[in-house]
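Engineer: Each residue of the sequence shown is one higher than the one before, starting from 88 at the first, in my numbering.
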Amino acid sequence: MNKTEKYDVRHLDAKIDKSRIRTKDEKALQVIESVFDEQTALLIVSLMNKGIIKEISHVVSTGKEANVYHAYGENGKELAIKIYRTTTNIFKQNWRYLEGDPRFKRYKKGTYSFIYLWAKKEFKNLQRMSSIKIAVPSPIIVRKNVLVMDFIGKKREAAPLLKDVKIRSKRKGKIYSKMVDYISRLYNEGKMVHADLSEYNILYYNKEPVIIDVSQAVLLDHPNAYFFLYRDISNINRFFGSIGVDVLENDELFEHVTGFKPDPKIKIEL
Ligand SMILES: Nc1ncnc2c1ncn2[C@@H]1O[C@H](COP(=O)(O)OP(=O)(O)O)[C@@H](O)[C@H]1O
Ligand SMILES: [Mg+2]
Numbered sequence: 088m089n090k091t092e093k094y095d096v097r098h099l100d101a102k103i104d105k106s107r108i109r110t111k112d113e114k115a116l117q118v119i120e121s122v123f124d125e126q127t128a129l130l131i132v133s134l135m136n137k138g139i140i141k142e143i144s145h146v147v148s149t150g151k152e153a154n155v156y157h158a159y160g161e162n163g164k165e166l167a168i169k170i171y172r173t174t175t176n177i178f179k180q181n182w183r184y185l186e187g188d189p190r191f192k193r194y195k196k197g198t199y200s201f202i203y204l205w206a207k208k209e210f211k212n213l214q215r216m217s218s219i220k221i222a223v224p225s226p227i228i229v230r231k232n233v234l235v236m237d238f239i240g241k242k243r244e245a246a247p248l249l250k251d252v253k254i255r256s257k258r259k260g261k262i263y264s265k266m267v268d269y270i271s272r273l274y275n276e277g278k279m280v281h282a283d284l285s286e287y288n289i290l291y292y293n294k295e296p297v298i299i300d301v302s303q304a305v306l307l308d309h310p311n312a313y314f315f316l317y318r319d320i321s322n323i324n325r326f327f328g329s330i331g332v333d334v335l336e337n338d339e340l341f342e343h344v345t346g347f348k349p350d351p352k353i354k355i356e357l
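(1) Measuring only the C-alpha atoms, how far is residue 299 from residue 169?
(2) When you compare the CB positions of residue 296 and residue 270, do they come within less than 8 Å of one another, or not?
(3) Do the CB positions of residue 232 and residue 345 come within less than 8 Å of each other?
(4) Is the beta carbon of residue 319 within less than 7 Å of some heavy atom of ligand 2?
(5) From which residue to which residue does the alpha helix (DSSP H) around residue 318 run?
(6) What residue range is occupied by the uninterrupted alpha helix (DSSP H) comprising residue 263?
(7) Determine the contact status of residue 247 and residue 291, defining contact as a CB-CB distance below 8 Å.
(8) Within this structure, are the beta carbons of residue 280 and residue 304 separated by less than 8 Å?
(9) Under a criterion of Cβ closer than 6 Å to any non-hydrogen atom of ligand 2, which residues qualify, in chain order?
(10) In terms of residue numbering, what span does the beta strand (DSSP E) encompassing residue 292 cover?
(11) Is any heavy atom in ligand 3 found nearer than 7 Å to the beta carbon of residue 148?
(12) Compute the beta-carbon to beta-carbon distance between residue 202 and residue 171, rounded to the nearest angstrom, for a pair I have assumed lies under 8 Å.
(13) Using three-state DSSP, classify residue 154 as helix, strand or coil.
As structure tokens, this is what we get:
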């Protein structure tokens, strides 16, 4: 546990009293305060007091930029809470995903608001994808570095990543077609590109693919949108090819999605 993640209960209590946030659930508070930094703990307590989160049960994933927790909301509904780290340099590198996106032109890189922006961007991207019926976790609320969404899985267990499941041969082709359709609809209806699409960011739930990790998704007017699109397409083709699906050529799929042939320049760096 590093310095910023450590703080004592008294200090926390004082802060809570000050902002007139109260919780009767001492036990929950203990867990929260031992896991999260102070700012984040306060935020979670406030979401608990609003009734949006009832209980945080366990950590699902600890990543470079964010941790994901399983939680319960109203009526025992299972939730996923993605908490972006406020102490990381990754965000500076991630700046290129925000360039050229008119939705986010007011923000400065490297600041807290920049990290909050990252969570907000994931929230908005989830909304946009849900609205065109792409299977993603439904977003519920975003506050600063905390994003609450539907939990994909059941009985506290997250659905497996596509890379870890063994799919019956007949089903594989269908899942590939579905992913092709999602890439195509993202592009044509959503006017966006996921930009980190692979078997590592697709969950397999009820025999269907669910796309996650959409904070870096960009709109088509982003300067690297077509490079990202070609990379997404290559990743999907590589994965489905490796499990025995008769996939399209990368160039063919690119043309199928966009209606034109890829510029050789966007294939650089793959
Ligand atoms: N809505 C969700 N429901 C269930 N599990 C999730 C959900 N969102 C993320 N996860 C789990 O957390 C892991 C990390 O989430 P992800 O958004 O990919 O963050 P990152 O890759 O940046 O750490 C995923 O691989 C998945 O196992
Ligand atoms: Mg991921």
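Glycine residues also receive a C-beta, built at the ideal position from the N, C-alpha and C atoms. Predicted, not measured: the structure shown is a model, and the values here were computed from it.
Structural biologist: Based on what the coordinates show:
(1) 11 Å
(2) no
(3) no
(4) no
(5) 312 to 329
(6) 256 to 275
(7) yes
(8) yes
(9) 287, 288, 300
(10) 289 to 292
(11) Ligand 3 is absent from the structure shown, which contains only ligand 1 and ligand 2.
(12) 6 Å
(13) strand
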